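A quick write-up on the structure given underneath.
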Amino acid sequence: SVVILDFGSQFTRLITRRFRELGAYSVILPGTASLERILQENPQGIVLSGGPSSVYDESAPRPAAGVLELDVPILGVCYGMQYLAQQAGGDVKRAGKREYGKADLTRYGGQLFAGIQGEFVAWMSHSDSVTALPQGYEVVAETEDTPVTAIENTQTRRYGVQFHPEVVHTPKGGQLLANFLEICGVTRDWNAEHIIDELIADVQAQVGNGKVLLAISGGVDSSTLGLLLARAVGEQLTAVFIDHGLLRLGEREQVEAALKPLGVNLITVDARAEFMGALDGVSDPEQKRKIIGREFIRAFEREARGLGHFDFLAQGTLYPDVIESAGGAHGDKSGAANIKSHHNVGGLPDDLNFKLVEPFRTLFKDEVREIARLLGLPEHIRMRHPFPGPGLAIRCLGAISEEKMDILRRVDDIFISGLREFGLYDGCSQALAILTPIQSVGVMGDERTYSYTAALRAVTTDDFMTAEWARLPYDFLATMSNRIVNQVHEINRVVYDITGKPPATIEWE
Ligand code: XMP
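In terms of my numbering, the sequence shown has 94 at position 95, counting the first letter as 1, and numbering is strictly consecutive.
The structure is reproduced here in structure tokens:
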């Protein structure tokens with residue numbers, strides 16, 4: 000593997016992503032991780048990431064003693080390069096001006112750039128620069144503003160780049176990282192088939208003859224986990240899908256049709272009446288979320304107890320939930336679980352005594368999607384937009400009722416099916432319909448109507464922390480509006496949400 004020591008750069012995760020895309024397994028550890036911790040990963044190469052600090056700051060984070068002496072290639076990126084240079088006896092100073100953005104390399108060569116040809120555009124973001132080269136190092140790239148843009152010491156196999164090869168703005172950065180893997184002698188066999196084989200072997204070793212319980216939400220992570228566990232332990236798995244009545248049109252049937260034929264022992268629990276009862280008259284969004292979370296635990300616990308004893312609880316926890324980075328560890332390798340709120344199994348009582356199985360702890364979402372493809376999860380589930388745990392309840396503003404949920408389900412289905420039909424679905428990160436409590440006057444035929452307003456929302460985003468409203472074509476919106484008012488008689492007005500996040504959130508509640 001390649002170990003990436005994180006010194007706080009916003010791009011650190013991208014380095015891991017790039018290596019994995021190149022077929023090499025890599026992990027992120029905090030920049031100050033102990034030597035022992037690093038050695039646990041059997042590193043064949045180490046990357047020192049960028050970061051906001053200056054190497055001459057007293058408080059700058061530094062790798063543990065002994066890391067630089069390891070007999071493996073080390074690549075320093077930005078801050079990492081400056082640290083390597085300074086430790087080897089070179090000099091680092093504040094540059095005359097801050098260099099930010101794209102820069103053309105005026106010259107490049109050496110092992111890191113082997114086989115790369117033509118212009119090389121590099122993404123820069125630094126205020127310090129290496130001003131005096133340490134002994135044994137050679138400058139292998141420069142730009143107009145930065146004479147020392149890349150360095151190498153082929154004897155000790157220490158390499159440094161001032162720019163960020165991991166970002167898309169450095170188009171040939173991937174080739175450079177591939178060269179580093181080559182230097183490290185890392186086998187590039189980390190692909191989905193390989194991952195599936197390893198995960199199945201790991202699960203079998205962990206679970207043995209034990210019984211495993213899994214909550215299926217209908218999303219890609221838990222569905223894929225269901226398929227993987229069915230392959231690994233077959234009938235020892237029981238997957239429970241709770242129908243809380245807040246699902247989309249036909250969702251329950253779709254999940255059943257996707258998983259049962261592939262050998263997942265799936266039990267559907269009809270808990271619609273309980274959820275509806277508990278939510279009766281509740282209009283506060285946070286209150287709704289709490290009640291849904293509580294009811295979910297109740298239903299799941301009752302089912303778990305009714306089914307007999309289980310040794311393991313499986314969860315679809317992903318790598319971003321547990322990453323140990325300079326930004327603060329969210330979990331730890333020893334298994335203190337970081338429970339995803341939307342799986343809602345975090346509040347299960349201790350006496351159920353579950354041990355956790357979390358095969359996806361080392362994976363990113365797109366790796367799970369790739370595994371899903373190989374395991375045969377249908378495309379419409381595999382590439383589905385995220386859907387919140389509280390479901391349509393937080394898209395029906397205010398107090399919900401059976402009738403309102405039914406209206407919303409039909410509006411949502413017309414909008415989402417329309418997006419798919421017009422080839423717009425994959426271009427949006429998330430799309431949703433909202434049933435507002437607004438009633439307004441309209442006219443249909445010769446009749447005056449007084450009905451609800453539905454809102455449509457579609458966004459594009461990378462991380463769901465910020466989002467842009469999707470610029471859907473007017474003609475498409477017109478078609479959706481027509482279909483909705485014609486097919487859903489309780490609606491006489493359709494609006495499209497043109498607010499970004501911030502200031503609005505993606506969901507309306
Ligand atoms: P907001 O509305 O905060 O949503 O911009 C960001 C993302 O989170 C999802 N979301 C939730 N997911 N339980 C969930 O599992 C929730 O209570 C919840 N609230 C929002 C939302 O769908 C979007 O993808």
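Glycine included, every Cβ here is placed at the ideal spot set by N, Cα and C. Just so you know, these numbers come straight off a predicted model, no measurement behind them.
Using the beta-carbon count (16 or more within 10 Å), is F463 buried or exposed?
So F463 counts as exposed.
What residue range is occupied by the uninterrupted beta strand (DSSP E) comprising N208?
Here N208 belongs to no beta strand (DSSP E), and DSSP marks it neither H nor E.
Is Q286 near the ligand XMP, in the sense that its beta carbon is under 7 Å from a heavy atom of that ligand?
Not one heavy atom of the ligand XMP lies closer than 7 Å to the C-beta of Q286.
Going straight from the alpha carbon of L13 to that of E165, what length do you get?
Between L13 and E165, the C-alpha separation is close to 6 Å.
Assign A303 to one of three DSSP states: helix, strand, or coil.
Per DSSP, reduced to three states, the secondary structure at A303 is helical.
Please report how far the alpha carbon of K364 lies from the alpha carbon of R16, in whole angstroms.
Roughly 11 Å separates the two Cα atoms.
Can you have a look at V442 and say buried or exposed, based on whether 16 or more other CB atoms are within 10 angstroms of its CB?
Burial call: exposed.
Determine the contact status of A238 and L265, defining contact as a CB-CB distance below 8 Å.
Annotated as proximal: A238 and L265, with beta-carbon spacing under 8 Å.
Q314 beta carbon near the ligand XMP (any heavy atom closer than 7 Å):
Q314: no, Cβ never under 7 Å from the ligand XMP.
Rounded to whole angstroms, what is the Cα-Cα separation between E48 and G100?
The question names Glu, yet the displayed sequence has Ser at residue 48. For S48 and G100, the gap between their C-alpha atoms comes out near 18 Å.
Please determine, among Q161, A84, E151 and M275, the residue with the shortest C-alpha to C-alpha distance to P133.
Distances from the alpha-carbon of P133 to those of Q161, A84, E151 and M275 put A84 closest.
Name the residue from P358, L431 and I413 whose alpha carbon lies nearest to the alpha carbon of L312.
Nearest to L312 by C-alpha distance, out of P358, L431 and I413, is P358.
Just to check, is the beta-carbon of T504 closer than 7 Å to a non-hydrogen atom of the ligand XMP?
It does: the Cβ of T504 is within 7 Å (strictly closer) of some heavy atom of the ligand XMP.
Compute the beta-carbon to beta-carbon distance between L213 and L228, rounded to the nearest angstrom, for a pair I have assumed lies under 8 Å.
Contact between L213 and L228 holds, since their C-beta atoms are separated by about 6 Å, short of 8 Å.
Exposed or buried, which one is I497 when buried takes at least 16 other CB atoms within 10 Å?
Classification for I497: exposed.
What are the start and end residues of the alpha helix (DSSP H) that includes M464?
Taken as a continuous stretch (DSSP letters only), M464 belongs to no alpha helix (DSSP H), as it is neither H nor E.
Does M123 come out as helix, strand or coil in the three-state DSSP assignment?
Correct three-state label for M123: strand.
Endpoints, beta strand (DSSP E) assigned at V138:
Counting along the chain, the beta strand (DSSP E) containing V138 begins and ends at E137 to E141.
I want to check one thing, is the minimum distance from the CB of Q429 to the heavy atoms of the ligand XMP below 7 Å?
Indeed, a heavy atom of the ligand XMP lies less than 7 Å from the Cβ.
Would you mind reading off the limits of the alpha helix (DSSP H) that contains L28?
Careful: L28 lies outside any alpha helix (DSSP H), inside the beta strand (DSSP E) at S25 to P29.
Is L455 buried or exposed, if buried means 16 or more other CB atoms sit within 10 Å of its CB?
Within 10 angstroms of the beta-carbon of L455 lie 16 or more other beta-carbons, which makes it buried.
Closer than 7 Å: I393 CB and nearest the ligand XMP heavy atom
Relative to the ligand XMP, the beta carbon of I393 is positioned inside 7 Å of a heavy atom.
Can you find at least 3 beta carbon pairs, one from the region 186 to 196 and one from the region 216 to 225, that sit closer than 8 Å?
With the rule of 3 Cβ pairs closer than 8 Å, the region 186 to 196 does not count as touching the region 216 to 225.
Report buried or exposed for N485, applying the criterion of at least 16 other Cβ atoms within 10 angstroms of its Cβ.
It is exposed - the Cβ of N485 has fewer than 16 other Cβ atoms within 10 Å.
Go through its chain and collect everything with a Cβ distance to P389's Cβ below 6 Å, but skip five positions before and after it.
Around P389: R288 and I291.
Kindly identify the DSSP beta-bridge partner or partners of R513.
No answer is possible for residue 513: it lies beyond the span of the chain, which begins at 0 and ends at 508.
Can you give the Cα-Cα distance for Q9 and H163, rounded to whole angstroms?
Taking the straight line joining both Cα atoms gives about 11 Å.
What does DSSP give as the partner residue(s) for L355 in the beta ladder?
Bridge partners of L355: L312.
My output table needs one value for I322: the three-state DSSP class, helix, strand or coil.
Three-state DSSP puts I322 in coil, outside helix and strand.
Span separating the alpha-carbon of I182 from that of L28
The alpha-carbon separation between I182 and L28 amounts to approximately 21 Å.
Please tell me whether I490 and I406 are closer than 8 Å, where the distance is taken between their beta carbons.
A contact, by the Cβ cut-off of 8 Å.
Looking at the ligand XMP, does it come within less than 7 Å of P501, judged from the CB to the closest heavy atom?
The nearest non-hydrogen atom of the ligand XMP is 7 Å or more from the C-beta of P501.
Please work out which residues of its chain come closer than 8 Å, Cβ to Cβ, to L347, disregarding the five sequence neighbours upstream and downstream, and give them in chain order.
Once the five neighbours on either side are set aside, the close Cβ partners of L347 are I296, F299, E300, A303, L312 and F353.
Kindly confirm or deny that the region 190 to 197 and the region 134 to 152 touch, where touching means at least three C-beta pairs closer than 8 Å.
Contact between the region 190 to 197 and the region 134 to 152 is not established, with fewer than three Cβ pairs separated by less than 8 Å.
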